[in-house]
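Enquirer:
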Amino acid sequence: MNAGAALGWWGVPLAVFAGAIRVSTPFLFVSLGEVITEKSGRINLGLEGTLVMGAMAGYAIAYLTLSPWLGVLAAGLAGLALGLLHGGICALPRVNDTAVGIALMLFGTGLAFYLGKPFIAPKAPGLPAIDLGFWSASPQVRAALQINVLFFIGLACAPLLGWGLRHTGIGLTLRMVGESADAARAMGRSPVRVRLLATGFGGCMAGIGGCFLSLGYPGSWNEGLSSGQGITAVALVIFARWRPMACLGASLLFGGAGALGPALQSVGVSGFYHLFNAAPYILTLAILILASRPDRMLGGAPGELSITK
Amino acid sequence: MRLARGIEAALPPVLALLATAVLFAAFLGLSGTDPRAAYGLIWLGAFGTAFSWQNTLLRAAPLLLTGLCTALPAQLGLVIIGGEGAFVLGALAAAAVGLKLAATGMAPVGIDGAMALAAMAAGGVVIALSGALRHWRGVNETISSLLLAYIAIAVMNQLVEGVLRDPASLNKPSTRALPDALMLGAIPTGSLPISVHVGLLFGLIACLLAYGLIFHTTFGFATRMVGGNLRAARMAGLPVGRLILIVTALGGAAAGLAGMVEVAAVQGAASADIAAGYGFTGILVAFLARQNPLAIIPVAVLLGGIDASGGLLEQRLDLPDATIQVLRGLLFLSLLTVEALQGRLRLAELLRWRRAPAVAQAVNATVSGP
Numbered sequence: 001m002n003a004g005a006a007l008g009w010w011g012v013p014l015a016v017f018a019g020a021i022r023v024s025t026p027f028l029f030v031s032l033g034e035v036i037t038e039k040s041g042r043i044n045l046g047l048e049g050t051l052v053m054g055a056m057a058g059y060a061i062a063y064l065t066l067s068p069w070l071g072v073l074a075a076g077l078a079g080l081a082l083g084l085l086h087g088g089i090c091a092l093p094r095v096n097d098t099a100v101g102i103a104l105m106l107f108g109t110g111l112a113f114y115l116g117k118p119f120i121a122p123k124a125p126g127l128p129a130i131d132l133g134f135w136s137a138s139p140q141v142r143a144a145l146q147i148n149v150l151f152f153i154g155l156a157c158a159p160l161l162g163w164g165l166r167h168t169g170i171g172l173t174l175r176m177v178g179e180s181a182d183a184a185r186a187m188g189r190s191p192v193r194v195r196l197l198a199t200g201f202g203g204c205m206a207g208i209g210g211c212f213l214s215l216g217y218p219g220s221w222n223e224g225l226s227s228g229q230g231i232t233a234v235a236l237v238i239f240a241r242w243r244p245m246a247c248l249g250a251s252l253l254f255g256g257a258g259a260l261g262p263a264l265q266s267v268g269v270s271g272f273y274h275l276f277n278a279a280p281y282i283l284t285l286a287i288l289i290l291a292s293r294p295d296r297m298l299g300g301a302p303g304e305l306s307i308t309k
Numbered sequence: 310m311r312l313a314r315g316i317e318a319a320l321p322p323v324l325a326l327l328a329t330a331v332l333f334a335a336f337l338g339l340s341g342t343d344p345r346a347a348y349g350l351i352w353l354g355a356f357g358t359a360f361s362w363q364n365t366l367l368r369a370a371p372l373l374l375t376g377l378c379t380a381l382p383a384q385l386g387l388v389i390i391g392g393e394g395a396f397v398l399g400a401l402a403a404a405a406v407g408l409k410l411a412a413t414g415m416a417p418v419g420i421d422g423a424m425a426l427a428a429m430a431a432g433g434v435v436i437a438l439s440g441a442l443r444h445w446r447g448v449n450e451t452i453s454s455l456l457l458a459y460i461a462i463a464v465m466n467q468l469v470e471g472v473l474r475d476p477a478s479l480n481k482p483s484t485r486a487l488p489d490a491l492m493l494g495a496i497p498t499g500s501l502p503i504s505v506h507v508g509l510l511f512g513l514i515a516c517l518l519a520y521g522l523i524f525h526t527t528f529g530f531a532t533r534m535v536g537g538n539l540r541a542a543r544m545a546g547l548p549v550g551r552l553i554l555i556v557t558a559l560g561g562a563a564a565g566l567a568g569m570v571e572v573a574a575v576q577g578a579a580s581a582d583i584a585a586g587y588g589f590t591g592i593l594v595a596f597l598a599r600q601n602p603l604a605i606i607p608v609a610v611l612l613g614g615i616d617a618s619g620g621l622l623e624q625r626l627d628l629p630d631a632t633i634q635v636l637r638g639l640l641f642l643s644l645l646t647v648e649a650l651q652g653r654l655r656l657a658e659l660l661r662w663r664r665a666p667a668v669a670q671a672v673n674a675t676v677s678g679p
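Heads up: the protein sequence lines correspond to chains F and E, in order. Heads up, the first sequence is in my numbering, so the first residue is 1 and it goes up one at a time. Heads up, the second sequence is in my numbering, so the first residue is 310 and it goes up one at a time.
1) Mind checking which residues open and close the alpha helix (DSSP H) that includes F:Asp182?
2) Using a beta-carbon distance cut-off of less than 8 Å, what residues from the segment 257–284 of chain F approach chain E?
3) To which residues of the same chain is E:Ser453 closer than 7 Å at the C-beta, ignoring the five residues directly before and after it?
4) Note down, one range per segment and in chain order, each alpha helix (DSSP H) of at least 4 residues found wholly within the segment 29–94 of chain F.
5) Distance check for F:Ser67 and F:Glu48, CA to CA, integer angstroms please.
6) Tell me whether E:Asp627 is buried or exposed, calling it buried when 16 or more other Cβ atoms sit within 10 Å of its Cβ.
7) Is it true that the CB of E:Gly391 sits closer than 8 Å to the CB of E:Ala328?
8) Along chain F, which residues have their Cβ under 9 Å away from the Cβ of E:Phe333?
9) In angstroms, rounded to a whole number, what distance separates the CA positions of E:Leu320 and F:Asn96?
10) Kindly indicate the opening and closing residues of the alpha helix (DSSP H) around E:Leu600.
11) When we look at the beta-carbon of F:Arg185 and count the other beta-carbons within 10 Å, is it buried (16 or more) or exposed?
12) Who are E:Arg474's beta bridge partners in DSSP?
13) To the nearest angstrom, how far is it from the Cα of F:Met176 to the Cα of F:Ile238?
14) So what's F:Gln229 in DSSP terms, helix, strand or just coil?
15) In chain E, which residues lie with their C-beta within 9 Å of the C-beta of F:Ser227?
16) Using a beta-carbon distance cut-off of less than 9 Å, what residues from the segment 626–638 of chain E approach chain F?
17) Does the count of Cβ pairs from the segment 351–371 of chain E and the segment 609–619 of chain E closer than 8 Å reach three?
18) Closest to E:Asn466 by C-alpha separation, out of F:Leu236, F:Gly271, F:Gly154, would be which residue?
19) Give, in chain order, every residue of the segment 534–565 of chain E whose Cβ lies closer than 8 Å to some Cβ of chain F.
20) Per the contact definition of three or more C-beta pairs closer than 8 Å, is the segment 549–568 of chain E in contact with the segment 399–414 of chain E?
21) In angstroms with no decimal places, state the Cα-to-Cα distance between F:Gly88 and F:Leu77.
22) Does the segment 223–238 of chain F come within contact of the segment 26–36 of chain F, defined as at least 3 CB pairs closer than 8 Å?
23) Could you tell me the distance, in whole angstroms, from the CA atom of F:Pro122 to the CA atom of F:Ile61?
24) Does DSSP put E:Asp627 in a helix, a strand or coil?
25) E:Phe530 versus chain F: which residues are under 9 Å apart at the beta carbon?
26) Taking C-beta to C-beta, are F:Ser180 and F:Glu304 nearer than 8 Å?
27) Where does E:Ile553 fall in DSSP's three states?
28) Below 8 Å between beta carbons: does that hold for F:Asn360 and F:Ala129?
29) Are the CB atoms of E:Leu639 and E:Leu350 within a distance shorter than 8 Å?
30) Are the segment 545–561 of chain E and the segment 375–385 of chain E touching, with three or more C-beta to C-beta distances below 8 Å?
31) State yes or no: is the C-beta of F:Ala75 within less than 8 Å of the C-beta of F:Cys247?
32) Would you kindly report the start and end of the unbroken beta strand (DSSP E) that includes E:Ile503?
33) Determine the closest residue to F:Leu82 out of F:Leu70, F:Met53, F:Tyr63, with distance taken between C-alpha atoms.
34) Is it true that the CB of E:Thr379 sits closer than 8 Å to the CB of E:Ala595?
35) Can you give me, in chain order, the residues of the segment 206–219 of chain F that have a beta carbon less than 9 Å from any beta carbon in chain E?
36) Would you kindly check if the distance between the Cβ of E:Gly560 and the Cβ of E:Ile460 is under 8 Å?
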């Protein structure tokens, strides 16, 4: 965030750009995972807890093994476990997936704080960044264009998932289960199993998104790491109308909104620091209000999804 | 009949508590802590001594009110999880109004009343906003109420560090302290060595009133009808939008009042410390009470007790402060699992034989009715 310091006011757009990419990375992973979960007709509101759990697990394993990539793997597995837990409980009859999500939000954060206590002080090896600013002589520009490799992985996942949903058998099964569980059953598919796997996948992605918070920037684990990115990402999926490529755009938009406060602070505008920090939530709410319709279902909404029924 | 139904309703939370006790013991055992020692300390810290009872009741007081913030809208079928936001805004409004009016020389009782009203209005508006957005715009109320809670916390931090800041609070920004005369007193307990502020009474009264409203008035019946079958409620000509607005506002007002009590009986000023999570724990309180305002009372005392024992676990067993959070999370997950299994395992079958004739009678009465 020092990017803006020496460039004066020109540093603000630069810092917002750099911040947009950085802040958007966890949004991107969580929302891409949640698209798959929601396409199967189920919503996981517990991704806030999964995100924090991923941040903790990734950091702890990276510290213990000295390998950030093993950290990413651990974060993904931790997320997968929480996702499967959600999917498993929801597989029982008459369970409200919203309530299970709230419970997992509390459980995931609590567990992460409990297990993560010993890892607050030590320094784990971070994930590498790719230097796209090599052409510039300005150190600020170079710093801003140090882009973490996880962002590129997320960038690649978006079109891949979009294509997979449309053109593969798995994608078709997933969408069918999300549209009508009865139809899926008639076709010999098990909605419960598909949803379990889809929620597991969503959890895995959210876990990986979480480890960006601890292994990417700023490269530390503490209990204040995430404050609502998980739930914002869930709302973002609604805004993106369940399309992976739209999630990418929405994530960048939200990332930019989130980067605005710190960017302004770096040039000395700190009067409304907390309100600017709340910008992504305000933006999310505004977008939800604009995107929702009281009388009909949203375009692209899976028919079985409880929150849009 | 009533008793049988009561037992049936209380079964899942009780079973969930038992399951949680086993799971939490396993969790502690796996992480190298003797579960027996931990349970001994939880009992001691929660209900073991007069002092722990005092701690427990002090923590139960806000939970009674924040529990209502989820339980009242739940009667309409809405899942509101933004009690923390109403709590924080209530605290902020109470502090602002209290400090403003203290300068006018108004009677302290009047100022406290105005603080409570301001807090209830602030909390009521923010939760009613979620209800209104749901009804008129189709915005999911669970997500919007949580987003509003994050926004409310940001607004509080902004004001506490900005216009409302006491210039003397250097390291930890807070508002100026309320004059002592405005601080709420203790409930007279006679010779009992327990001192609990009147906020506990506010909570108890609110739960009783909410119970009466929901289960013993036409208004409450209409509310539950909206929750039970929205289309039928519309067909019956119920003013659905107005019911949603009023009931969500009442829920928010309860959490706002809890915020006022936190300022006027505990903290003495509004600061970042206000957002301590009572609003979030209130969600679990409501679910464990199965959204019944009367059942919130024992559940709040139970969770207040678990909360109160946290310090002891930290000191004696060197456990992280998040231990209680893990316990609460396990409890929540167990509850939802047990509720789902209840139908399948037919645990309630034993009680059902008594109800069957009554149901048959009721059906007959409806069929051959006027």
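C-beta: ideal position from N, C-alpha, C; glycine also. For clarity, every value in this text was computed on a predicted model and none was experimentally measured.
Expert: Result, derived from the coordinates:
1) Counting from one through the first sequence, the residue named residue 182 of chain F turns up at place 182. Segment 181–186, the alpha helix (DSSP H) holding F:Asp182.
2) Gly271, Phe272, Tyr273, His274, Leu275, Asn277, Ala278, Tyr281, Ile282, Thr284
3) Translated into positions along the second sequence, residue 453 of chain E becomes position 144. Excluding sequence neighbours, E:Ser453 sits near Ser439, Leu442.
4) 47–65, 68–90
5) Along the first sequence, read from residue 1 onward, the residue named residue 48 of chain F stands at position 48. Along the first sequence, read from residue 1 onward, the residue named residue 67 of chain F stands at position 67. Straight-line Cα distance between these residues: approximately 25 Å.
6) Walking along the second sequence from the start, residue 627 of chain E turns up at place 318. Classification for E:Asp627: exposed.
7) Locating residue 328 of chain E in the second sequence gives position 19, where the first residue counts as 1. Locating residue 391 of chain E in the second sequence gives position 82, where the first residue counts as 1. Here E:Ala328 is not near E:Gly391, since their CB atoms are 8 Å or more apart.
8) Counting from one through the second sequence, the residue named residue 333 of chain E turns up at place 24. What E:Phe333 touches in chain F: nothing, since even the nearest Cβ is about 11 Å away.
9) On the second sequence, residue 320 of chain E is found 11 positions in, with the first residue counted as 1. On the first sequence, residue 96 of chain F is found 96 positions in, with the first residue counted as 1. One C-alpha to the other measures close to 19 Å.
10) Position 291 of the second sequence, counted from the start, is the residue given in the question as residue 600 of chain E. In the sequence as displayed, the identity of residue 600 of chain E is Gln instead of Leu. From DSSP, E:Gln600 is part of no alpha helix (DSSP H); its letter is neither H nor E.
11) Locating residue 185 of chain F in the first sequence gives position 185, where the first residue counts as 1. Flag for F:Arg185 reads exposed.
12) Position 165 of the second sequence, counting from 1, holds the residue named residue 474 of chain E. DSSP, once it has assigned bridges, lists E:Thr484 as partnering E:Arg474.
13) Taking the first residue of the first sequence as position 1, residue 176 of chain F is located at position 176. Taking the first residue of the first sequence as position 1, residue 238 of chain F is located at position 238. Going from the Cα of F:Met176 to the Cα of F:Ile238 covers about 19 Å.
14) In the first sequence, the residue the question calls residue 229 of chain F occupies position 229. Correct three-state label for F:Gln229: helix.
15) Indexing the first sequence from 1 puts residue 227 of chain F at position 227. Going along chain E in sequence order, the residues near F:Ser227 (Cβ under 9 Å) are Tyr459, Ile462.
16) Leu628, Pro629, Asp630, Ala631, Thr632, Ile633, Gln634, Val635, Leu636, Arg637, Gly638
17) Between the segment 351–371 of chain E and the segment 609–619 of chain E, the count of Cβ pairs shorter than 8 Å is three or higher; the stretches touch.
18) Within the second sequence, residue 466 of chain E is the residue found at index 157, counting from 1. Nearest option by C-alpha distance: F:Gly271.
19) none
20) Under the Cβ criterion (8 Å, minimum of three pairs), the segment 399–414 of chain E counts as touching the segment 549–568 of chain E.
21) Indexing the first sequence from 1 puts residue 88 of chain F at position 88. Indexing the first sequence from 1 puts residue 77 of chain F at position 77. Rounded to the nearest angstrom, the two C-alpha atoms are 16 Å apart.
22) yes
23) Within the first sequence, numbered from 1, the residue matching residue 122 of chain F stands at position 122. Within the first sequence, numbered from 1, the residue matching residue 61 of chain F stands at position 61. Using only the alpha carbons, I get a separation of about 12 Å.
24) As a first step, residue 627 of chain E must be located in the second sequence, where it is residue number 318. The answer is coil: DSSP assigns E:Asp627 none of H, G, I, E or B.
25) Taking the second sequence and counting its residues from 1, one reaches residue 530 of chain E at position 221. Per Cβ cutoff of 9 Å: no residues; E:Phe530 is ~23 Å from chain F at best.
26) Here residue 180 of chain F refers to the residue found at position 180 of the first sequence. Here residue 304 of chain F refers to the residue found at position 304 of the first sequence. Yes, the pair counts as a contact, with Cβ atoms nearer than the cut-off.
27) Residue mapping note: residue 553 of chain E aligns to position 244 of the second sequence, counting from 1. Of the three classes helix, strand and coil, the one that applies to E:Ile553 here is helix, per DSSP.
28) Outside the shown range of chain F, which is 1 to 309, sits residue 360 of chain F, and nothing can be said about it.
29) As a first step, residue 350 of chain E must be located in the second sequence, where it is residue number 41. As a first step, residue 639 of chain E must be located in the second sequence, where it is residue number 330. It is not a contact, given that the beta carbons lie outside the stated cut-off.
30) yes
31) If you number the first sequence from 1, residue 75 of chain F lands on position 75. If you number the first sequence from 1, residue 247 of chain F lands on position 247. Contact check for F:Ala75 against F:Cys247 fails: the beta carbons are separated by 8 Å or more.
32) As a position in the second sequence, residue 503 of chain E is number 194, starting the count at 1. From DSSP, E:Ile503 is part of no beta strand (DSSP E); its letter is neither H nor E.
33) Here residue 82 of chain F corresponds to residue number 82 of the first sequence, with the count starting at 1. Nearest C-alpha to F:Leu82: F:Met53.
34) Position 286 of the second sequence, counted from the start, is the residue given in the question as residue 595 of chain E. Position 70 of the second sequence, counted from the start, is the residue given in the question as residue 379 of chain E. Contact: yes.
35) none
36) Counted from its first residue, the second sequence places residue 460 of chain E at position 151. Counted from its first residue, the second sequence places residue 560 of chain E at position 251. Contact flag unset, no.
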